[in-house]
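Throughout the sequence shown, residue numbering follows the numbering used here, covering 12 to 744 in sequence.
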Amino acid sequence: MPELATLSHHTPMMQQYLRIKAQHPSMLLFYRMGDFYELFFDDAKKAARLLNITLTKRGQSAGEPIPMAGVPYHAVENYLAKLIKVGESVVICEQIGDPNTSKGPVERQVTRIITPGTASDDALLEAKQETLLLSIHFQKSIFGLASLNISNGRMHLLQVDSPQSLQDELARLHPSEILISENFPFQNLLQTYSAIKKQAEWYFDFETAEKQIIKQFQTKDLSGFGCENHPIALMAAGCLLHYVQETQRTTLKHLYTLQVDQRETWVILDAHTRRNLEITENRQGERTHTLLQVLDHTATPMGSRLLQQWLHHPLRSHKKIQWRQQAIEDLMASPQKTELPSLLQHCGDMERILARVALKTARPRDLAQLREALATLPTLKTHLENCQSTHLQQLSQRLFLFPELTHLLQSALVTHPPALLRDGGVIAEEFNSELDELRHLQENAGNFLIKLEQQEKTRTGIPTLKVGYNKIHGFYIEISRVQAKLAPLDYIRRQTLKNAERFITPELKAHEEKVLSSTARALALEKQLYDQILDTLCEDIINLQKTASLIATLDVLSNLAERAQTLRLSRPRLNETPGIDIQAGRHLIIENFSENPFIPNSTLLNDETRMLIITGPNMGGKSTYMRQTALIVLLAHIGCFVPAESACIGPIDRIFTRIGASDNLAQGHSTFMVEMTETANILHNATQHSLVLLDEIGRGTSTYDGLALAFACADYLATKIKAFTLFATHYFE
């Protein structure tokens, strides 16, 4: 990329490009030129490689041809989606000047910045996957984390004290984009993430961060958030806010909540456990044959995303779990339960639509979907009120209705709006009298031309005379070359064709200006009215978001109620006495995807029996039995019913698994090294309230060494830690 000091060596257009590119050096610049977005220099080379598009050349720089690549503007969303998926960020630069009146290069301006963690357009996102931006700061042996889901406007803070805990949180959050300082010392932990953005150290300054957060949430200080003991996380939050404000180029009105997370409030699952239990991804990294696939029959995309959050964030609070259980049980007993999913479907992805409303990027069809969602709310509220359930009536009381906004959208928008505002025809008739008048001019243009053609045929005596229009020359009167000599004196020649002459008259010219200006004025007025609608919606954006969040919760509860009945699940009992008692438990994933019937198994762990040694041949079901127990415990802690005749589960703080073996050659770790590292993590962090699954410890070395290791681990877990342990081994003899 040339230095700005050499600008004078380039054309005016390339000088303009280089100035804009210098402001966004780490992002791909899509520079609008006519019907294409063009990329130059290194951007062009990278885009050609990532998008599999042609790399060409244009002009020269320092005596060398300038690499160039481009994509058509009408298909840009498809290309953007591919780039976001591989972790790239893109700057969209549009032509805002008029090429016909511009002296020099057409005026251009950056209109959008799209990054993997802040993308909000449906075309760029997986409907059922959360998009999360994460900022990490390290100081004084503490990792501070700040995460933002731009779709629902929620920011979370968390501090952890070890690299292992950071890895666990990365597995839980699964961020789409990560912000770190230029000197972050643990970059090796982030190797599997493609969208890593290094930020200047001063972005993490505490005082700057504190001011930004106070300004964003419009408070006097931070005392109300309970984050006094999380200074490192606040520094990360300051960087995150600065980044989002820079990329979104607008105020973040929908960012309304800052929550400090405490790890002790949920059952902790490390990265290995999430992978081994195949919660949302199987062990091959795919989303099929997982617990999520079995459970997710939600009616809305936001419900699906919330269900995944629940699965990765199992609760420890028995009170909160029991609230969910009772709501599910009440829904199962409700006579109107079959109507609820169809009502929820009408709400669509209200959460992401509202994010686009707040960011002023919502399209006409977004507002049409929002109109349908708001119109559904009264029926949904009545449905909940009619349920004989305290829990569901509590949800009903928190469900806002928006009669004025509903009426606004119903009266302002046409029934089936076009995809883009620039296409026109978005605002309904009778919403604005000035717009109706301008449209009347356009609609009657055809009648005027028919009358004018008849009038001019009579006046000139030329029966073949035609009145027409094209985009280049505008309105015209066409006469054949043979009869052109009969044209009246007030006919002004506009265009000569092979077999005809085209003219214009003062009357036709005046009509042309009136009609063409009315089209432009109508589009401008529609945009003005549309922006006013967005402003009106933004005034109530927080309550709208709270309503969307409640609908997502209701969707998950309704879904789990249906799954409980369809899959023959039972309500587990939560006990304050330590122990796990599962009668006739089943492995939900295998049961649903296997053609063979699943044989139920029971599990009993208590103060007297804290460890079960499991033996048997290969492929005999040892790992299946262990995973089944862990999955039932996990399901119980998200409030879901479980695949068992009965289950009684005491306090659990963590679930650990060491199942299967694989090399980690990328980091130079053998099978045995991986096995010992994971086992050491369990022995260091497990407590008497943990559930530990260990499978074939020691098989990565010789028989006698393996036997010694297996015995030592089992003995330590049973006598020192006293964790609830399922220990599968071939060394039982």
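Where a beta carbon is used, it is the ideal one built from N, C-alpha and C, also for glycine. Because the structure is a prediction, the values reported are computed rather than measured.
Going by alpha carbons, who is nearest to residue i out of the options?
i, options, result
"Val368", "Asn163, Trp213 and Leu245", "Asn163"
"Gln380", "Lys520, Ile666 and His357", "His357"
"Glu88", "Arg584, Ala134, Cys238 and Glu524", "Ala134"
"Glu550", "Met687, Leu416 and Ser569", "Leu416"
"Leu737", "Gly661, Thr276, Leu144 and Leu623", "Leu623"
"Leu646", "Thr558, Ser444, Pro346 and Ile332", "Ile332"
"Ile593", "Gly631, Ser657 and Pro628", "Ser657"
"Thr690", "Lys57, Ser173, His700 and Phe667", "Phe667"
"Arg638", "His598, Asn443 and Phe604", "His598"
"Gln319", "Glu464, Thr291, Leu585 and Thr387", "Thr291"
"Ser72", "Asn63, Leu62 and Asp53", "Asp53"
"Gly457", "Ser173, Val478 and Glu441", "Val478"
"Glu193", "Glu212, Gln295, Thr262 and Glu524", "Glu212"
"Glu141", "Met313, Ile224 and Leu39", "Met313"
"Ala572", "Ala344, Ala282 and His167", "Ala344"
"Met684", "Asp172, Ile643, Gly717 and Met166", "Gly717"
"Ala423", "Ile438, Leu145, Asp232 and Ile225", "Ile438"
"Pro428", "Cys398, Leu280 and Glu383", "Glu383"
"Gly596", "Leu585, Ser581, Glu340 and Thr588", "Ser581"
Which word fits residue i, buried or exposed, when buried means at least 16 other C-beta atoms lie within 10 angstroms of its C-beta?
i, result
"Val493", "exposed"
"Gln198", "exposed"
"Ile483", "exposed"
"Arg60", "exposed"
"Lys32", "buried"
"Lys68", "exposed"
"Ile488", "buried"
"Asn287", "buried"
"Met246", "buried"
"Asp377", "buried"
"Arg30", "exposed"
"Glu537", "buried"
"Trp321", "buried"
"Pro36", "exposed"
"Ala521", "exposed"
"Leu497", "exposed"
"Trp277", "buried"
"Val101", "buried"
"Phe604", "exposed"
"Asn629", "exposed"
"Lys633", "buried"
Identify every residue that forms a DSSP beta bridge with residue i.
i, result
"Ser746", "Lying outside 12 to 744, the shown extent of the chain, residue 746 is not represented and no answer is given."
"Phe822", "This structure cannot speak to residue 822, because the chain is shown only from 12 to 744."
"Tyr480", "Phe486"
"Arg327", "According to DSSP, which records beta bridges pairwise, Arg327 is partnered with nothing at all."
"Phe154", "Phe149 and Val171"
"Gly81", "Glu49"
"Asp706", "Ala739"
"Thr268", "Arg165"
"Gln71", "Pro76"
"Asn603", "Answer is none; Asn603 lacks a bridge partner."
"Tyr42", "Glu49 and Cys104"
"Asn617", "Answer is none; Asn617 lacks a bridge partner."
"Leu623", "Leu737"
Check whether the Cβ of residue i lies closer than 8 Å to any Cβ atom in chain D.
i, result
"Gln319", "Looking for chain D here will not work: only one protein chain is present."
Evaluate the contact criterion for the segment 560-580 versus the segment 172-185: three or more CB pairs, one atom per stretch, below 8 Å. Contact between the segment 560-580 and the segment 172-185 is absent, because fewer than three Cβ pairs lie under 8 Å.
Could you tell me whether the segment 527-538 touches the segment 350-364, where touching means 3 or more Cβ pairs closer than 8 Å? Pairwise C-beta distances place the segment 527-538 out of contact with the segment 350-364, as fewer than three of them are shorter than 8 Å.
What are the start and end residues of each continuous alpha helix (DSSP H) run of 4 or more residues lying completely inside the segment 635-704, in chain order? The qualifying runs are 682-696.
Inspect the CB distances between the segment 516-531 and the segment 446-466 and report whether three or more fall short of 8 Å. Judged by Cβ distances under 8 Å, the segment 516-531 makes contact with the segment 446-466, as three or more pairs qualify.
Stretch-stretch touch, CB-based, cutoff 8 Å, three pairs: the segment 139-159 with the segment 238-252: Enough Cβ pairs lie closer than 8 Å, so yes.
Across the segment 467-475 and the segment 537-552, are there enough close Cβ pairs to call them in contact, namely three or more that are closer than 8 Å? These segments do not touch.
Any alpha helix (DSSP H) of 4 or more consecutive residues that is wholly inside the segment 502-585: DSSP runs (the alpha helix (DSSP H)) wholly in the segment 502-585: 517-549 and 552-577.
Given 8 Å as the limit, is there contact between the segment 98-106 and the segment 27-45, that is, 3 or more CB pairs closer than that? The segment 98-106, when compared against the segment 27-45, does touch it at the 8 Å Cβ threshold.
What runs of the beta strand (DSSP E), each 3 residues or longer, lie entirely inside the segment 85-162? Entirely contained in the segment 85-162, the beta strand (DSSP E) runs reaching 3 residues are, in chain order, 101-106, 119-125, 144-150 and 153-160.
Taking one C-beta from the segment 328-346 and one from the segment 640-654 each time, how about it: are there three or more such pairs within less than 8 Å? Between the segment 328-346 and the segment 640-654 there are three or more inter-stretch CB-CB distances shorter than 8 Å, so the stretches are counted as touching.
Could you tell me which whole alpha helix (DSSP H) segments of length 4 or greater appear in the segment 403-446? Runs of alpha helix (DSSP H) with 4 or more residues, each lying fully within the segment 403-446, are found at 414-423, listed in chain order.
Do the segment 144-153 and the segment 116-125 touch if we need at least three Cβ pairs shorter than 8 Å? With the cut-off at 8 Å, the segment 144-153 and the segment 116-125 do not touch.
Okay, do the segment 407-415 and the segment 391-399 touch, 3+ Cβ pairs below 8 Å being the bar? Cβ pair count under 8 Å is three or more, so yes.
Under 8 Å, with one C-beta from each stretch per pair, do the segment 292-308 and the segment 255-271 reach the 3-pair mark? Judged by pairs of C-beta atoms under 8 Å, the segment 292-308 does not touch the segment 255-271, as fewer than three such pairs exist.
Three or more C-beta pairs below 8 Å linking the segment 717-733 and the segment 688-708: Proximity of the segment 717-733 to the segment 688-708 meets the contact definition, three or more beta-carbon pairs being nearer than 8 Å.
Within 8 Å, do at least three Cβ pairs link the segment 396-409 to the segment 334-342? They touch, by the three-pair rule.
Which runs of the alpha helix (DSSP H), 4 residues or longer, sit entirely within the segment 195-257? If only complete runs of 4 or more residues are kept, the segment 195-257 shows the alpha helix (DSSP H) at 217-228, in order along the chain.
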